[in-house]
Amino acid sequence: MPELPTLAAESTLAPVTSNEPFQVRPIGGRIGAEVRGVTLSADLDDDAVAAINHALLEHKVLFFRGQSHLDDAAQEAFAARFGETVAHPTVPSLSSGSRLLELDSKHGTRANSWHTDVTFVDAYPKISILRGVVIPPAGGDTVWANTAAAYANLPEVLRDLADKLWALHSNAYDYAATRNVPDTESEREYRKQFTSTLYETEHPVVRVHPETGERTLVLGHFVQRFIGLSQRDSDRLAELFHDHVTRLENTVRWRWTQGDVAIWDNRATQHYAVADYADAHRVVRRATVHGDVPVGIDGRKSRIVKQETRTA
Ligand SMILES: O=C(O)CCC(=O)C(=O)O
Ligand SMILES: [Fe+2]
Numbered sequence: 000m001p002e003l004p005t006l007a008a009e010s011t012l013a014p015v016t017s018n019e020p021f022q023v024r025p026i027g028g029r030i031g032a033e034v035r036g037v038t039l040s041a042d043l044d045d046d047a048v049a050a051i052n053h054a055l056l057e058h059k060v061l062f063f064r065g066q067s068h069l070d071d072a073a074q075e076a077f078a079a080r081f082g083e084t085v086a087h088p089t090v091p092s093l094s095s096g097s098r099l100l101e102l103d104s105k106h107g108t109r110a111n112s113w114h115t116d117v118t119f120v121d122a123y124p125k126i127s128i129l130r131g132v133v134i135p136p137a138g139g140d141t142v143w144a145n146t147a148a149a150y151a152n153l154p155e156v157l158r159d160l161a162d163k164l165w166a167l168h169s170n171a172y173d174y175a176a177t178r179n180v181p182d183t184e185s186e187r188e189y190r191k192q193f194t195s196t197l198y199e200t201e202h203p204v205v206r207v208h209p210e211t212g213e214r215t216l217v218l219g220h221f222v223q224r225f226i227g228l229s230q231r232d233s234d235r236l237a238e239l240f241h242d243h244v245t246r247l248e249n250t251v252r253w254r255w256t257q258g259d260v261a262i263w264d265n266r267a268t269q270h271y272a273v274a275d276y277a278d279a280h281r282v283v284r285r286a287t288v289h290g291d292v293p294v295g296i297d298g299r300k301s302r303i304v305k306q307e308t309r310t311a
């Protein structure tokens, strides 16, 4: 099949002209770069933070090895250089006074399903910063997909369709749909917490990235259905778009070492944590930066249509 050499066709990013204070080495042809020569810290100067943000807008996910000096507080303070850090809307933070989200395999929190973080609310995070705390000896990689490249590479008729579509996202998503073993007790507990407030939000399937002007797809596992379509049609169409987003050409896969940090632009990516490490222990911690409400190509904004606290 011929491959279109498209990459972020409508980006308005200016080329970097200043002297980069560090090296950025692309990994995938369409997404992902390793950054070398920088020690992440809240004390980085403004130029360095701007250069990281610029590289992030271009490559969508950045990897930094050897950042073991970061503890929880330093990770969060670094994240705050990109905007206001926010706690997860339903899952309690790692500790009081922290807004970090911990994903610990012992507690059944394995994100092995394609998603963009927290799209069940309107102003979902713009950036997530993940630190490898305990990494299994083999496996436990994370994969990211570029949703700007996915949009740009859609056949024109599908792009036109996506341009018109809106989807309902909810945190009460069908997590059981692809599982063949029952939940463990701790997974059930986590689920309950995850949905302690039920959210439903309508997003345009195509949003205009507020910093690059690129069009990106807003999909992933929180999508319940498309507005104006039956469940059956929604499921089929979601699968069709999903196949385009997650094509291997569109992805990059990171083999973690303890102390690595990954930063992704949550407005232009989906990700998937590969759960191939059996009972080995894996812990990652995420700092999350507040994002703005998506705007569709016609200027209409996403909106929350339900927010309901569950009792009992
Ligand atoms: O465990 C991972 O690698 C990614 C987890 C995840 O989905 C997240 O931190 O948002
Ligand atoms: Fe995630």
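Residue numbering for the sequence shown follows numbering that gives the first Met the number 0, beginning at 0 and increasing consecutively. Backbone N, C-alpha and C fix where the C-beta goes; we use that ideal spot for every residue, glycine too. This one's a predicted model, so the numbers in the text were calculated from it and none came from an experiment.
Report whether the distance from the Cβ of residue i to the nearest heavy atom of ligand 1 is below 6 Å.
i, result
"residue 272", "yes"
"residue 69", "no"
"residue 218", "no"
"residue 93", "no"
"residue 84", "no"
"residue 56", "no"
"residue 222", "no"
"residue 247", "no"
"residue 129", "yes"
"residue 283", "yes"
"residue 61", "no"
"residue 141", "yes"
"residue 102", "yes"
With 16 other CB atoms within 10 Å as the buried threshold, where does residue i fall?
i, result
"residue 20", "exposed"
"residue 71", "buried"
"residue 39", "buried"
"residue 45", "exposed"
"residue 183", "exposed"
"residue 327", "Because the chain in this structure spans residues 0 to 311, residue 327 falls outside the shown range and cannot be described."
"residue 269", "buried"
"residue 203", "buried"
"residue 226", "exposed"
"residue 293", "buried"
"residue 3", "Only weak support is given to the placement of residue 3: the predicted model assigns it a pLDDT of 36, under 50, and the value that follows is read from those uncertain coordinates. Per the 10 Å Cβ criterion, exposed."
"residue 121", "buried"
"residue 56", "buried"
"residue 280", "exposed"
"residue 304", "exposed"
"residue 80", "buried"
"residue 61", "buried"
"residue 212", "exposed"
"residue 108", "buried"
Consider the C-beta atom of residue i and the heavy atoms of ligand 2; say whether any pair is separated by less than 6 Å.
i, result
"residue 116", "yes"
"residue 148", "no"
"residue 286", "no"
"residue 110", "yes"
Between the alpha carbons of residue i and residue j, how many angstroms are there, rounded?
i, j, result
"residue 170", "residue 117", "8 Å"
"residue 73", "residue 235", "44 Å"
"residue 295", "residue 75", "30 Å"
"residue 266", "residue 30", "14 Å"
"residue 147", "residue 160", "16 Å"
"residue 110", "residue 156", "32 Å"
"residue 98", "residue 84", "7 Å"
"residue 66", "residue 259", "6 Å"
"residue 231", "residue 51", "42 Å"
"residue 241", "residue 151", "14 Å"
"residue 128", "residue 135", "20 Å"
"residue 87", "residue 291", "15 Å"
"residue 299", "residue 68", "43 Å"
"residue 302", "residue 25", "35 Å"
"residue 200", "residue 90", "18 Å"
"residue 142", "residue 272", "6 Å"
"residue 229", "residue 164", "13 Å"
"residue 96", "residue 162", "41 Å"
"residue 261", "residue 36", "15 Å"
"residue 334", "residue 167", "Any property of residue 334 remains undetermined from this structure, which presents the chain solely from 0 to 311."
"residue 193", "residue 94", "17 Å"
"residue 54", "residue 32", "8 Å"
"residue 103", "residue 233", "33 Å"
What does DSSP give as the partner residue(s) for residue i in the beta ladder?
i, result
"residue 303", "200"
"residue 264", "126"
"residue 102", "283"
"residue 62", "33 and 261"
"residue 133", "282"
"residue 165", "203"
"residue 39", "The partner list for residue 39 (beta bridge, DSSP) is empty, contrary to what the question assumes."
Give a yes or no on whether 7 Å exceeds the smallest Cβ distance from residue i to chain C.
i, result
"residue 243", "Judged by its chain identifiers, the structure shown contains no chain C, having just a single protein chain."
Please look up how many angstroms separate the CB atoms of residue i and residue j, rounded, as I've assumed it's under 8 Å.
i, j, result
"residue 172", "residue 220", "5 Å"
"residue 308", "residue 196", "5 Å"
"residue 256", "residue 27", "With 8 Å as the limit, residue 256 and residue 27 do not qualify as a contact, their Cβ atoms being about 19 Å apart."
"residue 263", "residue 59", "6 Å"
"residue 288", "residue 126", "4 Å"
"residue 283", "residue 64", "The Cβ separation is near 15 Å, so there is no contact."
"residue 23", "residue 34", "5 Å"
"residue 214", "residue 222", "Residue 214 to residue 222, Cβ: 17 Å. No contact."
"residue 112", "residue 100", "Contact flag wrong, Cβ pair sits at about 16 Å."
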